[in-house]
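The sequence shown begins at 55 in our numbering and counts up by one. Glycine residues also receive a C-beta, built at the ideal position from the N, C-alpha and C atoms. See below for the structure under consideration.
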Amino acid sequence: MAQAWYQGGISVFDWTDPSHPREIAYFDRGPMDSTKLVGAGSWSAYWYNGYIISSEISRGLDILELQPSALLSQNEIDAAKLIHFDYLNAQDQQKLVWPASFVVARAYLDQLARSNGLASARVAATRDALGRAEKLVGRQRRDALTQLATQLSGDAQGAADAAKDQTYMLARLDPRRLDRLWFPLGGWTKEETRARAREAGLAAAARAESQEACFLAGGDYRHFLERHGLAQEDGPIVDESGRELGRHDGFWRFTRGQRRGLGVATGQPLYALETRPRTNTVVVGPRESLARTVVGVPSGRLFVPVERAEAKLRYQSPGTPARVEPEDRGFRLSLDRPAFGVAPGQAAVLYEDDAVVGAGLIASAA
Numbered sequence: 055m056a057q058a059w060y061q062g063g064i065s066v067f068d069w070t071d072p073s074h075p076r077e078i079a080y081f082d083r084g085p086m087d088s089t090k091l092v093g094a095g096s097w098s099a100y101w102y103n104g105y106i107i108s109s110e111i112s113r114g115l116d117i118l119e120l121q122p123s124a125l126l127s128q129n130e131i132d133a134a135k136l137i138h139f140d141y142l143n144a145q146d147q148q149k150l151v152w153p154a155s156f157v158v159a160r161a162y163l164d165q166l167a168r169s170n171g172l173a174s175a176r177v178a179a180t181r182d183a184l185g186r187a188e189k190l191v192g193r194q195r196r197d198a199l200t201q202l203a204t205q206l207s208g209d210a211q212g213a214a215d216a217a218k219d220q221t222y223m224l225a226r227l228d229p230r231r232l233d234r235l236w237f238p239l240g241g242w243t244k245e246e247t248r249a250r251a252r253e254a255g256l257a258a259a260a261r262a263e264s265q266e267a268c269f270l271a272g273g274d275y276r277h278f279l280e281r282h283g284l285a286q287e288d289g290p291i292v293d294e295s296g297r298e299l300g301r302h303d304g305f306w307r308f309t310r311g312q313r314r315g316l317g318v319a320t321g322q323p324l325y326a327l328e329t330r331p332r333t334n335t336v337v338v339g340p341r342e343s344l345a346r347t348v349v350g351v352p353s354g355r356l357f358v359p360v361e362r363a364e365a366k367l368r369y370q371s372p373g374t375p376a377r378v379e380p381e382d383r384g385f386r387l388s389l390d391r392p393a394f395g396v397a398p399g400q401a402a403v404l405y406e407d408d409a410v411v412g413a414g415l416i417a418s419a420a
């Protein structure tokens with residue numbers, strides 16, 4: 055956006071992230087006369103066919119051209135110059151249509167590199183691939199670009215088997231490290247993977263599904279903790295008013311939202327609402343007491359600026375539409391509908407379609 059300052063100069067702003075716009079270029083010629091007050095400055099400014107046209111109060115017209123900097127690449131300037139209008143009417147707000155061009159692709163790539171939206175090695179490889187494709191013609195060029203687009207799309211998307219998708223668990227990885235990861239089975243469902251394993255004669259083809267914390271011997275974190283010295287300890291199970299409903303053998307055996315294994319019968323379903331380590335107490339209550347609509351993620355990071363997203367707050371839970379509010383540290387989510395069993399320490403992962411656009415650890419929920 056080109057902005058004129060009455061009695062001043064011109065600023066050009068980048069609004070890619072609407073919550074954090076920043077000035078990327080400016081022009082300020084200074085006072086017209088250092089000895090007396092003279093009316094001057096930019097009355098209005100417009101981008102027109104590669105130039106910024108400014109109606110300057112004292113001089114008439116200033117015609118300015120952008121120069122590359124750390125905040126604006128030559129590719130971005132060249133891409134902008136591809137847009138041409140036969141005439142300019144500031145009231146029309148003509149629609150911009152970017153032509154299919156290598157320079158436009160390079161401009162987008164520069165933006166990804168500057169925002170760390172794509173790993174540096176992946177940026178370099180994509181630039182090389184674009185350069186090779188540009189030297190080709192006809193079907194060879196089309197095939198090379200299609201292959202590159204497929205690779206980049208695969209980088210951003212989840213697994214073919216939604217039930218086995220691991221983007222929730224991997225979402226907090228630094229995007230600059232993603233080019234070192236490869237998921238050769240990501241394009242297959244579990245059944246397709248088993249079928250290929252059977253064809254190859256692998257014993258794993260008939261192996262039972264792993265459950266819970268599959269990386270622990272025995273598969274249950276409670277047994278793991280007991281084997282490593284965390285002894286059982288008797289404690290109370292209470293309702294929200296503090297009335298004791300039963301006993302348990304260790305607060306660490308319960309997680310927020312848990313229903314099974316409470317060992318309490320009251321005539322209505324009860325869920326673990328919270329655990330209190332200092333007193334070894336487990337608080338239980340009805341499901342509605344688990345409802346949360348505001349989630350604080352101070353450690354969160356938005357990989358791309360978004361105002362709304364699907365927020366996934368537990369690994370096996372469906373996403374919930376939410377408004378995303380960036381803060382000085384991290385972001386806050388306002389959910390369109392209540393989520394249940396949200397707990398500090400769990401991951402909050404934001405999606406647009408099946409692409410991860412933000413992630414962080416939950417610190418609070420209300």
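So residue i and residue j are in contact, right, with Cβ under 8 Å, and what is the actual spacing, rounded?
i           : j           : result
residue 105 : residue 118 : 7 Å
residue 285 : residue 309 : Contact doesn't hold; Cβ gap of about 19 Å is too wide.
residue 324 : residue 304 : Not a contact, Cβ separation roughly 18 Å.
By how many angstroms is the C-alpha of residue j removed from the C-alpha of residue i?
i           : j           : result
residue 113 : residue 100 : 17 Å
residue 108 : residue 57  : 10 Å
residue 320 : residue 216 : 37 Å
residue 224 : residue 95  : 52 Å
residue 350 : residue 373 : 16 Å
residue 296 : residue 165 : 55 Å
residue 301 : residue 322 : 18 Å
residue 146 : residue 139 : 12 Å
residue 202 : residue 176 : 11 Å
residue 222 : residue 110 : 54 Å
residue 360 : residue 162 : 17 Å
residue 185 : residue 55  : 30 Å
residue 496 : residue 245 : Given a span of 55 to 420 for the chain in the structure shown, any question on residue 496 remains unanswerable.
residue 180 : residue 408 : 22 Å
residue 59  : residue 148 : 23 Å
residue 103 : residue 115 : 16 Å
residue 168 : residue 182 : 18 Å
residue 76  : residue 342 : 44 Å
residue 170 : residue 278 : 39 Å
residue 328 : residue 391 : 21 Å
residue 334 : residue 367 : 26 Å
residue 418 : residue 369 : 18 Å
residue 389 : residue 380 : 14 Å
residue 174 : residue 384 : 24 Å
residue 123 : residue 80  : 12 Å
Specify, as a first and last residue, the run of the alpha helix (DSSP H) that residue i falls within.
i           : result
residue 339 : Per DSSP, residue 339 belongs to no alpha helix (DSSP H); it is in the beta strand (DSSP E), 335-339.
residue 126 : Counting along the chain, residue 126 falls outside any alpha helix (DSSP H), and DSSP gives it neither H nor E.
residue 165 : 156-168
residue 246 : 244-253
residue 188 : 174-188
residue 261 : Careful: residue 261 lies outside any alpha helix (DSSP H) and carries neither H nor E.
residue 221 : 221-224
residue 415 : Element bounds for residue 415: not the alpha helix (DSSP H) but the beta strand (DSSP E), 409-415.
So residue i is in the beta strand (DSSP E); what residue range does that whole segment cover?
i           : result
residue 361 : Premise fails: residue 361 is in no beta strand (DSSP E) and is neither H nor E.
residue 116 : 114-118
residue 81  : 76-81
residue 307 : Careful: residue 307 lies outside any beta strand (DSSP E) and carries neither H nor E.
residue 140 : Here residue 140 belongs to no beta strand (DSSP E), and DSSP marks it neither H nor E.
residue 302 : 298-302
residue 285 : It is not in any beta strand (DSSP E) - residue 285 carries neither H nor E in the DSSP assignment.
residue 390 : 385-394
residue 67  : 64-68
residue 346 : 345-351
residue 406 : 401-406
residue 327 : 325-330
residue 280 : Note, residue 280: premise wrong, no beta strand (DSSP E); alpha helix (DSSP H) at 275-281.
residue 105 : 105-110
Taking 9 Å as the threshold (C-beta atoms), are residue j and residue i in contact?
i           : j           : result
residue 357 : residue 413 : yes
residue 404 : residue 365 : yes
residue 78  : residue 68  : yes
residue 259 : residue 252 : yes
residue 387 : residue 399 : no
residue 406 : residue 376 : no
residue 331 : residue 306 : yes
residue 347 : residue 249 : no
residue 371 : residue 393 : yes
residue 199 : residue 187 : yes
residue 142 : residue 152 : no
residue 337 : residue 293 : yes
residue 66  : residue 150 : no
residue 235 : residue 227 : yes
With three or more C-beta pairs closer than 8 Å as the rule, is the region 148-168 touching the region 121-136? yes
Does the region 352-367 come into contact with the region 311-328, if we say contact requires no fewer than three beta-carbon pairs (one atom in each stretch) closer than 8 Å? no
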